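Asks: Quick one: structure below, then a few questions.
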Amino acid sequence: MTESISFFDANNVEYLLHSDSTKMVTTLKGVGAPDIQHFTQKTPFQDGEQHLGYKFEPRKIIVGIYRNPATRALLQTDHQTLLTALRPDLGAGILKWTLNDGTIRQLDVWFSGGMKLDSDMQGIGLFQNDVIELTAFSPFWYNPTANSTTAAMAVSTDLMFPFDFPFTLPSSGISANVTVTNNGQVDAWPTITINGPGLDPSIFNSTTGKRITITYTLAVGEYITIDSGIGAKTVTLTVGPANSNILGYMASDSEFFPIIPGANNLVFGLSATTVASSIVVAFYDPFLGV
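Under my numbering, read the sequence shown as residues -11 to 278, first letter to last.
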């Protein structure tokens, strides 16, 4: 497989940055590990500092590109096409890197500079060198194939004989213990979807000891979306075309939790369900660099 680098605009329209001899990436900066800010505390009359924590900084990426089309008009058209794709008013774009072995890594980015079409970046003939400056406010590359796990109510059509009277039919519900694996290098913040009907859904990560419980009764066709992504932290109820914020229905012992690198044991709970009910946990494996 041939290595390629593409930019996708917010409408998922692809622009190839590196494809053949007429369009190549000549420089890449900032694609490895992102910068880290450490937080410390000094104590009077003691050596050194106490480490309190850290966070990864937004990532700056420099992409040097070389273009050598057949005509000057094609160069100008290509330049305008790329400028249109990079427009920040469209929203964040995606930098996609396909490696020779077929591995794909993506990064959500915003255009932050470059593309000056300076004459001193042009040579004899038609070729043009240029620079694209991108910012990834969430600095982690990710595998674009979602890592998804679904828990649903088990259904049995078998009636077991003999049985004694009086007998009690088991209550409907979802109760599952599932191991999910974050194959990345840093915490992954999942999106959790609870499809009704159901009562008081809960998801407990017994590996980290953190849980989310929503004290709410879902009807058939209704669903709750819990978005724990960077800068999100929302709980949304969808009823038909209408969405509403139900963050206030989170139980007091609840908190948004990540899927840490490696194996995570998740315990799902949802009562008063039918075969239409389910809980889905989805995330993208994140990586420090390509």
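Cβ atoms here follow ideal geometry from the backbone N, Cα and C, with glycine treated the same way. Owing to the predicted nature of the structure, the values given are computational and were not obtained by experimental measurement.
1) So, helix, strand or coil for residue 76, using DSSP?
2) The beta strand (DSSP E) with residue 248 in it runs from where to where?
3) Since residue 95 contacts residue 83 with CB under 8 Å, what's their CB separation in whole angstroms?
4) Does DSSP put residue 35 in a helix, a strand or coil?
5) If you count every other CB in all the chains shown that lies within 10 Å of the CB of residue 130, and 16 or more means buried, which is it?
6) Rounded to the nearest angstrom, what separates residue 53 and residue 62 at their Cα positions?
7) Please go through the same chain and pick out, in chain order, the residues whose beta-carbon is closer than 6 Å to the beta-carbon of residue 158, but skip the five residues on each side of it.
8) Alpha carbons only, please: which of 228, 140 and 246 is nearest the one belonging to residue 287?
9) On the premise that residue 228 lies in contact with residue 211, defined as a C-beta separation below 8 Å, what is that separation, rounded to the nearest angstrom?
10) Return the first residue and the last residue of the beta strand (DSSP E) that residue 25 is part of.
11) Go ahead and label residue 124 buried or exposed: buried means 16 or more other beta carbons lie within 10 angstroms of its beta carbon, across all protein chains shown.
12) Please state whether the Cβ-Cβ distance between residue 186 and residue 242 is less than 7 Å.
13) Taking just the CA atoms, how far does residue 121 sit from residue 16?
14) Between residue 72 and chain C, is any beta-carbon pair separated by less than 7 Å?
Replies: Reading from the atomic positions:
1) Against the sequence shown, residue 76 aligns to sequence position 88. If DSSP states are grouped into helix, strand and coil, residue 76 belongs with the helices.
2) To locate residue 248, count along the sequence shown from 1; it is residue 260. Careful: residue 248 lies outside any beta strand (DSSP E) and carries neither H nor E.
3) Working through the sequence shown from its first residue, we reach residue 95 at position 107. Working through the sequence shown from its first residue, we reach residue 83 at position 95. That belief holds up - the Cβ atoms of residue 95 and residue 83 are roughly 5 Å apart, short of 8 Å.
4) Walking along the sequence shown from the start, residue 35 turns up at place 47. Of the three classes helix, strand and coil, the one that applies to residue 35 here is coil, per DSSP.
5) What you label residue 130 is simply residue 142 of the sequence shown in a count that begins at 1. Buried, because 16 or more other Cβ atoms sit within 10 Å of the Cβ of residue 130.
6) Residue 53 sits at position 65 when you count from the first residue of the sequence shown. Residue 62 sits at position 74 when you count from the first residue of the sequence shown. In a straight line, the C-alpha of residue 53 is about 16 Å away from that of residue 62.
7) The residue given as residue 158 occupies position 170 in the sequence shown. Confidence is the limiting factor: at residue 158 the pLDDT is only 42, short of 50, which leaves the residue's position unreliable and the question unanswerable from this model.
8) In the structure displayed, the chain extends from -11 to 278; residue 287 sits before or after that span and is not available.
9) By 1-based counting over the sequence shown, the position of residue 211 is 223. By 1-based counting over the sequence shown, the position of residue 228 is 240. Actually they are not in contact, since the Cβ atoms of residue 211 and residue 228 sit about 11 Å apart, beyond 8 Å.
10) Within the sequence shown, the letter at position 37 stands for residue 25. First-last of the beta strand (DSSP E) with residue 25: 24 to 29.
11) The count along the sequence shown starts at 1 and reaches residue 124 at position 136. When all chains shown are included, residue 124 counts as buried.
12) Your numbering for residue 186 matches position 198 in the sequence shown. Your numbering for residue 242 matches position 254 in the sequence shown. The answer is no: Cβ separation not under 7 Å.
13) To locate residue 16, count along the sequence shown from 1; it is residue 28. To locate residue 121, count along the sequence shown from 1; it is residue 133. Answer to the nearest angstrom: the Cα atoms are 10 Å apart.
14) Protein chain content of the structure displayed is limited to a single chain, and chain C is not contained in it.
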